[in-house]
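Enquirer:
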Amino acid sequence: MITCTRCNDLTRSRPQSAVGRDPEEVGLMAEVLISNLERDGETRRFAAHGHAVVGSAGGEAVLRGVFEPGWRWS
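All residue numbers for the sequence shown refer to numbering that gives the first Met the number 0, where the first residue is 0 and numbers rise by one.
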């Protein structure tokens, strides 16, 4: 059993460990992609109080929004 140190919700089921199991039974792992938005991303300023950093990871677009104090939806 895998435990989560960040979550105390014991009502959720946890995935079973794959250690010692047949690889065909376990299946494939999702691909892990790493992207450094600070280095490779394009910064786009909001009209006021923030900006977005746009980049890509594995051909997919990734956006991180930075909302500064005073930012509003409207």
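Glycine is no exception: its CB is placed at the ideal position from the N, C-alpha and C atoms.
Quick caveat, the model's predicted, so the values are computed rather than measured.
1. With H, G and I counted as helix, E and B as strand and the rest as coil, what does DSSP make of T2?
2. Taking the alpha helix (DSSP H) that R38 belongs to, which residues open and close that run?
3. Give me, in chain order, the residues of the same chain whose beta-carbon lies closer than 6 Å to that of R63; leave out the 5 immediate sequence neighbours on both sides.
4. Just how far apart, CA to CA, sit F101 and F45?
5. Rank P68, S34, D21 by C-alpha distance to the C-alpha of G58 and give the top, closest one.
6. Ignore the nearest five residues each way along the sequence and tell me which others in D39's own chain have a CB closer than 7 Å to its CB.
Expert: If we stick to the structure as given:
1. Only weak support is given to the placement of T2: the predicted model assigns it a pLDDT of 49, under 50, and the question is left unresolved by the model.
2. 36-39
3. The residues are L36, V52.
4. Nothing can be reported for residue 101: it is not among the residues displayed for the chain, which extend from 0 to 73.
5. S34
6. G54
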